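Here is the structure we will look at.
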Amino acid sequence: MDDTDVREVMDLPQKAGPRLRAARETLGLTLEQVAAQTRIPQRHLKTIEAGEYSDLPGRTYAVGFARTYAKTVNLDPEDLVSQVRAELDEQNYDRDFRAPETFEPGDPARVPSRSLGWFAIFALGLLIVGGFFFFRAMFTPAGELPSLVAEKEATPAPQQKAAAKPAAIDPSGAVVFTALEEGIWVKFYDANNRQLMQKQMALGETYTVPQDATGPQVWTGRPDAFGITIGGRAVPKLAEGERVMKDVPVTAEALLARPPAPVQPAGENTAAPAG
């Protein structure tokens, strides 16, 4: 049946609902198919076909749904809408939800898509969150930054690492005496009392104890005036004051085994023997 046949059937005096149902059945459409095309729930389509407009949310919905339904089944939408409005007036159906007259639910061209609706909700949420943090930053007093100097002072200084223990002195190194003053008398000899060296040493003059000497010893009245090294490494002086020291072993082993040099008491001054 073509559109002309549909119009001839619809020319019979009927109410809007039966006209819509007859047009749908003439086209061989089911309510489910019409609902899929119009995106109008099937229950509302049944309500419109039955003319029970009081079951719809409001007058605007009834008009909008009827207009879309009429377009789908090839009826004149303006003619059908006029009939629906007349029937609503007859039923004294004034319930409405103040929807704008320019918006008629059920019209696919005017109903926002679901994705657009979700996007609008998401955008609104972002706007609310952004506004919250903006006003919070505007009206919250700025906190003072902590002082880096104070933090530095509050941080306890790390304990200084213990001074590295010097490497042990090699006892096989050469023993060298260096005069720290001018004209200091000294005598070196071995265990057999054989003289190795005897003189008044000049300032800065050095003497290396022979490593092949047997039990070398020293005799001097100014042990504090000689610096001593073993293998180039300084070791404590024989004494820290003027005093006569005789038969003092000066091998590397003997010097390394000596305790710290005692301090010479004030006023004690023993002259060195004449050379």
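UniProt numbering numbers the first residue of the sequence shown as 1 and each following residue consecutively. Cβ atoms here follow ideal geometry from the backbone N, Cα and C, with glycine treated the same way. All values reported here derive from a predicted model rather than from experimental measurement.
Where does residue i sit, in a helix, a strand or coil, going by DSSP?
i	result
Thr229	strand
Thr208	strand
Gln91	coil
Leu255	helix
Pro223	helix
Pro100	Interpretation of Pro100 is limited by its pLDDT of 42, a score under 50 that renders its predicted location unreliable; no figure is taken from the coordinates.
Arg19	helix
Ile48	helix
Pro247	Looking at the sequence shown, residue 247 is not Pro but Asp. Note: Asp247 maps to strand in three-state DSSP.
Leu124	helix
Gln83	helix
Leu56	coil
Gln14	coil
Leu31	helix
Thr214	coil
Ala239	coil
Val175	strand
Leu116	helix
Val186	strand
Ala70	helix
Ala167	coil
Ala234	strand
Relative to the alpha-carbon of residue i, which residue among the options has its alpha-carbon at the smallest distance?
i	options	result
Ala234	Leu256, Gln211, Gly130	Leu256
Gln83	Asn74, Arg67, Ile230	Arg67
Glu253	Val73, Phe119, Ile230	Ile230
Asp241	Gly227, Met201, Pro249, Val250	It is Gly, not Asp, that sits at residue 241 in the sequence shown. If we check each option's Cα against that of Gly241, Gly227 comes out closest.
Asn192	Phe177, Pro249, Arg243, Leu203	Pro249
Glu90	Met201, Asp79, Phe134, Arg59	Arg59
Phe177	Tyr207, Gly125, Ile128	Tyr207
Thr38	Leu56, Lys71, Gln198	Lys71
Leu29	Tyr61, Asn74, Ala62	Asn74
Asp247	Gln200, Arg85, Arg194, Ala86	Arg194
Using 8 angstroms for Cβ pairs, my map puts residue i next to residue j. What's the rounded Cβ distance?
i	j	result
Leu45	Tyr69	7 angstroms
Ile48	Gly17	6 angstroms
Gly64	Lys15	Between Lys15 and Gly64 the Cβ distance is about 18 angstroms, and since that is not below 8 angstroms, they are no contact.
Val34	Arg19	That pair is no contact at about 14 angstroms.
Leu88	Tyr53	6 angstroms
Leu203	Glu182	4 angstroms
Ala205	Ala179	Position check: residue 205 holds Glu in this sequence, whereas Ala was assumed. Right, their Cβ atoms sit about 5 angstroms apart.
Tell me, please, whether the CB atom of residue i is closer than 8 angstroms to any CB atom in chain B?
i	result
Val209	Structure shown: chain B not included; a single protein chain is present.
Self-check item: Touching by the beta-carbon criterion (3+ pairs, under 8 angstroms), the segment 184-191 and the segment 219-238
Solution: yes
Quiz item: Any contact of the segment 209-216 with the segment 234-246, i.e. 3+ C-beta pairs under 8 angstroms?
Solution: no
Quiz item: Touch check for the segment 201-212 and the segment 166-177: three-plus C-beta pairs under 8 angstroms?
Solution: Touching, yes.
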